[in-house]
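Report on the structure given below.
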Amino acid sequence: MKKLSDALFASWSTDSSTKWTENNPAKGQCGVSALVVNNFYGGRILKTKLEEGWHFYNHIDGERFDFTESQFCHPIVYDDIVSSRAEAMKDTNEEQYSNLWRRVLDEMEVRNG
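The opening position of the sequence shown corresponds to residue 1387 in our numbering, with each subsequent residue numbered one higher.
What follows is the structure, given as structure tokens:
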């Protein structure tokens, strides 16, 4: 998971979320990242309602993985509501998803040598 986490971080940009900033690269990346992680590891996509709206993350082999929690300045109290790819896709768009998927694949290839 560390390689995927590093690949996501290196791949986030305004091409994967218009909310991205240099100071907060995870901002707005939750839905699109949950989809990419789901491509690699399957599992379920979960969501939690926050003040900012729905927050998406992954549940794989009985463990919660939230690669974008760093975008928030407050701790998250997770509801772990079962979501879906279709619902997470509503948090992004096809172009942003394709951009992130392509960049993460490239980053993973580099990291796997």
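Glycine included, C-beta positions come from ideal geometry on N, C-alpha and C.
Spatial distance of glutamate 1480 from tryptophan 1440 (CA atoms): Cα to Cα, the separation comes out at about 19 Å.
What three-state label does DSSP hand tyrosine 1483 in the structure shown? Correct three-state label for tyrosine 1483: helix.
How would you call arginine 1497, buried or exposed, if buried means at least 16 neighbouring beta carbons within 10 angstroms? Classification of arginine 1497: exposed, given that the 10 Å Cβ count is below 16.
Bridge partner(s) assigned by DSSP for tyrosine 1443: Listed as beta-bridge partners of tyrosine 1443 by DSSP are Leu1432.
Is it the case that the Cβ atoms of leucine 1432 and aspartate 1466 are separated by a distance below 8 Å? Yes; because the gap between Cβ atoms is below 8 Å, this pair is in contact.
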